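Residue numbers (mature numbering (1 follows the signal peptide of the UniProt record, and there is no 0)): -24 to -1, 1 to 556.
All residues carry an ideal CB built from backbone N, CA and C; glycine is no exception.
These figures come from a predicted structure and were not determined experimentally.
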Amino acid sequence: MGIMGTRAALWIAVALFVAPMVLAMIDDPVQVCQTLQPSPTLEPFVDKLPKLKQIRIDHGKQVVLGAYKIQQKLHRDLPPTTMYAYGTSAATASVPGPTLLATSGVESYVRWENHIHDEYHMLPVDKTLMWANPSKGGVPIVTHLHGAECDSASDGYPDSWHTAKGEHGPTFTTLNFTYANTQSPAMLWYHDHAFGITRVNVLSGLSGFYLTKAHSNSPKPSWFPKRKQELHLMLQDKQLFYNGSINFPNVGDSPANHPQWCPEYFGDTIIVNGKAWPYVHVEPRTYRLRFLNAANARVFVLSLDNPNLTFTQIGTDGGLLERAQSLKVLTLAPAERIDCLVDFSHAAGTEVILNNTGAAPYPSGDPAFSPPSTLAVMKFIVKKKTKKIRDAPVPAKLRAADPLVNTGNALVRQLFMVENDDADGNPLESLLSNHTWHDEVTEKPELGATEIWEFINFTPDAHPMHIHLIEFKALNQQPFDLDKWTAGECEIFNTTFATPGTCFTGEPIAPSYNQIGLKDTILSLPNHVTRVVVQWKSQQNNGKFTFDATAGPGFVWHCHILDHEDNDMMRPIKLVKKSR
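Right, dumping it as structure tokens:
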């Protein structure tokens, strides 16, 4: 048994002492930002990892999915938790929602309906933020397929929300979404994206996997593990009351300005596929583990407690890497995905704990947001060897190399992140280039253009930056002296390390291991400029989108810490036709 397995016994002992105190506290109506009442102490590894429902959507027919209010048990010893969930009906809705199975190059059709009839959201909504704010009440939703190439009417634009009462946002056009599936085969995910309340809708359960497989003309590589040896793992964190309900703050950091909003939400209970600290039985052979970080704000830094085991990363947000890389640690920011292999034959007959050492907030951290209960994620129970199993070796080259991109004439966009405080030094808002969501559109790329986006992070925390519609590639990152820049003693914009008076403290460095490959989300570190190459074209069809990408409301780029996105770290993108 690993270190965290030993700690599990301690949790049980502590529960006998803590539980009576928790019982006395559950009626406390005041839950203050960053100092939430702890969740009841629960024994880990007592619930089996759920097997997620799957729905094929590559058959040419429309699939109807709705959002419903449901009850679902997150742990053996907790009452059912009230949640919002996707499904084909209230009876089949679940958290996560059903896994949607698509085929690359084959269009899929999904109708997203809202059947949440609550007059008010079940979690506190800060109405001082700019948000959907339906005049007739209800819970606004709009579903975004994260990582997809699709027209803007199907992208889940934040102002295209709708309620169960039929009220719509200003850019709403339809419930019927078309997905071109022209992105590379990869694990995408769908989640709510309603303006100003994404953080509470996703925390309530509105998310699910979307898998795009290669077309039958491109057969599955022989070295891939079989379907039974493939696990899809959605990681989240929640704070829970003793009655099972979700604990979300109703008193913010700056209550005079924003009564409920908090800069980040960190829960003390780790949830995988809708269960707290689950376990799964595995054969002593190679498994394909496909991780998604669907947390509001927590960055997971994952490791296995058996030194004989290693992660072999084969893919990322946008699909397979060109070459596999062997890693002992995986860093996974909100919305990022990692596709990896683990050979459990090196741990036959043992139990393996998947641990987390990610600081919260990342990377500096506050111990209060990483209690011992967040150090374990789940358990793998490896069966004993009964016969010799030979898994195919991973080839040195996983796929053809991407063509080199000429960035010589690329437009460079310098985009910076700032966090503004109130008079007492408490966080007030998060902005991109000092603009709010509804300010005039400043990012208007030409179809087919190649651009370099520079994410300049002037804040103390890392931000996972997400661009809709396309995949991009990390170019480099470069550190700078924030204190000198704040004091006005140096310059960052339009300078290099060799420029006199620059704030840069070193030359650009290569992307880190968790930044390589095709990405739609990248972690921008504090005191760094993170540069990515963006090509505004399709991954298939000779670079031409199969839809008019200039039509409709447009697309979005934003920080994927949902609490930041909702207060106002999100900006629109409007593509324009190529000038002659």
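According to DSSP, is N517 part of a helix, a strand, or is it coil? Numbered from 1 along the sequence shown, position 541 holds the residue referred to as residue 517. Helix at N517.
So, using beta-carbon positions, are V353 and N331 closer together than 9 Å? Start at 1 with the first residue of the sequence shown, and residue 353 comes out as number 377. Start at 1 with the first residue of the sequence shown, and residue 331 comes out as number 355. In this structure, N331 lies closer than 9 Å to V353 by Cβ.
Excluding the 5 residues flanking N433 on each side, which residues of the same chain have their C-beta closer than 8 Å to its C-beta? Against the sequence shown, residue 433 aligns to sequence position 457. So the qualifying residues of the chain are F392, M393, H439, S500, L501, P502, N503, H504, V505, T506.
Assigned secondary structure, Q215 (DSSP; H/G/I helix, E/B strand, else coil): Numbered from 1 along the sequence shown, position 239 holds the residue referred to as residue 215. Looking at Q215 - three-state DSSP - the assignment turns out to be coil, as it is neither helix nor strand.
Using three-state DSSP, classify H322 as helix, strand or coil. Counting from 1 along the sequence shown, the entry for residue 322 is found at position 346. Of the three classes helix, strand and coil, the one that applies to H322 here is helix, per DSSP.
Continuous beta strand (DSSP E) assignments of at least 3 residues falling wholly in the segment 90 to 168: 119 to 122, 152 to 155, 162 to 168
Determine whether the beta carbon atoms of F200 and V258 lie at a separation below 9 Å. Along the sequence shown, one-based indexing puts residue 200 at 224. Along the sequence shown, one-based indexing puts residue 258 at 282. No, the Cβ-Cβ distance between F200 and V258 is not below 9 Å.
Which same chain residues, not among the five before or five after residue 557, have their C-beta less than 6 Å away from its C-beta? This structure cannot settle anything about residue 557, because the visible part of the chain is limited to -24 through 556.
Completely contained beta strand (DSSP E) runs for the segment 415 to 456, where each covers 3 or more residues: 426 to 433, 439 to 443, 448 to 455
For K554, count the other beta carbons within 10 Å of its own beta carbon; 16 or more makes it buried, fewer makes it exposed. Which is it? Residue numbering aside, residue 554 sits at position 578 when the sequence shown is read from its first letter. With fewer than 16 Cβ atoms within 10 Å of its Cβ, K554 is classed as exposed.
Would you mind giving the Cβ-Cβ distance between K360 and E298, rounded to the nearest angstrom? I have them listed as a contact below 8 Å. Counted from its first residue, the sequence shown places residue 360 at position 384. Counted from its first residue, the sequence shown places residue 298 at position 322. Not quite, the Cβ-Cβ distance comes to about 37 Å (not below 8 Å), so this is no contact.
Alpha carbon to alpha carbon, how far is N284 from S111? Give it in angstroms, no decimals. Taking the sequence shown and counting its residues from 1, one reaches residue 111 at position 135. Taking the sequence shown and counting its residues from 1, one reaches residue 284 at position 308. Each residue's alpha carbon lies about 58 Å from the other.
Where A(-10) and S340 are concerned, what is the direct C-alpha to C-alpha distance, given to the nearest angstrom? The count along the sequence shown starts at 1 and reaches residue -10 at position 15. The count along the sequence shown starts at 1 and reaches residue 340 at position 364. Note that A(-10) scores a pLDDT of 38, beneath 50, so its modelled location is shaky and nothing firm can be said.
Tell me where the alpha helix (DSSP H) around D539 begins and ends. In the sequence shown, counting from the first residue as 1, residue 539 sits at position 563. Segment 538 to 541, the alpha helix (DSSP H) holding D539.
What are the residues that DSSP puts in a beta bridge with D397? Locating residue 397 in the sequence shown gives position 421, where the first residue counts as 1. P403, per the DSSP bridge assignment.
Backbone CA spacing between W88 and K550 [nearest angstrom]: Counting from 1 along the sequence shown, the entry for residue 88 is found at position 112. Counting from 1 along the sequence shown, the entry for residue 550 is found at position 574. One C-alpha to the other measures close to 24 Å.
Should I92 go down as buried or exposed, given a rule of 16 or more other Cβ atoms within 10 Å for buried? Sequence index remark: in the sequence shown, residue 92 carries index 116 (1-based). When all chains shown are included, I92 counts as buried.
With V178 as the anchor, note down where its alpha helix (DSSP H) starts and where it stops. Residue 178 sits at position 202 when you count from the first residue of the sequence shown. Residues 174 to 179.
Buried versus exposed call for E541 [16 or more other C-beta atoms within 10 Å across all chains shown]: Taking the sequence shown and counting its residues from 1, the one referred to as residue 541 is at position 565. With 16 or more Cβ atoms within 10 Å of its Cβ, E541 is classed as buried.
Own chain, CB closer than 6 Å to A425, minus 5 neighbours either side, in chain order: Residue mapping note: residue 425 aligns to position 449 of the sequence shown, counting from 1. For A425, where only same-chain residues beyond five positions count, the Cβ hits under 6 Å are W512.
Taking the beta carbon of residue 578 as the centre, do at least 16 other beta carbons fall within 10 Å, making it buried, or is it exposed? In the structure displayed, the chain extends from -24 to 556; residue 578 sits before or after that span and is not available.
State the Cα-Cα distance for the pair P72 and H167, rounded to the nearest angstrom. Your numbering for residue 72 matches position 96 in the sequence shown. Your numbering for residue 167 matches position 191 in the sequence shown. Approximately 10 Å, taken between the alpha carbons.
Contacting residues, own chain, Cβ-Cβ under 7 Å from Y186 (five flanking each side not counted): Against the sequence shown, residue 186 aligns to sequence position 210. Correct list, in chain order: L76, A78, L121, L164, W165, Y166.
For N193, which option in A170, P161, L209 has the closest C-alpha, if you only look at C-alpha atoms? Here residue 193 refers to the residue found at position 217 of the sequence shown. When only C-alpha atoms are compared, the closest one is P161.
Buried versus exposed, by CB contacts within 10 Å (16 or more), residue 596: Because the chain is modelled from -24 through 556, residue 596 falls outside the range shown and cannot be assessed.
Please classify L380 as buried or exposed, where buried requires at least 16 neighbouring CB atoms within 10 angstroms. As a working note, residue 380 is residue 404 in the sequence shown. Exposed, by the Cβ-count rule.
On the three-pair Cβ rule with 8 Å, is the segment 225 to 232 touching the segment 275 to 290? no
In the DSSP assignment, find the alpha helix (DSSP H) that holds K460 and state where it starts and stops. Position 484 of the sequence shown, counting from 1, holds the residue named residue 460. Unbroken alpha helix (DSSP H) run through K460: 458 to 462.
Quick one: Cα of L407 to Cα of H35, how far? Within the sequence shown, the letter at position 431 stands for residue 407. Within the sequence shown, the letter at position 59 stands for residue 35. One C-alpha to the other measures close to 42 Å.
In three-state terms, what does DSSP make of K204? Taking the first residue of the sequence shown as position 1, residue 204 is located at position 228. In this structure, K204 counts as helix in the three-state DSSP scheme.
Between the segment 447 to 462 and the segment 478 to 491, can you find at least three pairs of beta-carbon atoms closer than 8 Å? yes
Can you give me the C-alpha to C-alpha distance between T17 and I246, rounded to a whole angstrom? Along the sequence shown, one-based indexing puts residue 17 at 41. Along the sequence shown, one-based indexing puts residue 246 at 270. Cα-Cα distance, rounded: 12 Å.
Cβ distance (whole Å) where L445 is taken to contact E125 below 8 Å: Position 469 of the sequence shown, counted from the first residue, corresponds to residue 445. Position 149 of the sequence shown, counted from the first residue, corresponds to residue 125. Yes, L445 and E125 are in contact; Cβ-Cβ is about 6 Å, under 8 Å.
Here's the rule: buried if 16 or more other CB atoms are within 10 angstroms of the residue's CB, otherwise exposed. What is L387? In the sequence shown, residue 387 corresponds to position 411, counting from 1. Burial call: exposed.
In this structure, what does DSSP give as the bridge partners for S221? Reading the sequence shown from its first residue, position 245 is the one you call residue 221. The partner list for S221 (beta bridge, DSSP) is empty, contrary to what the question assumes.
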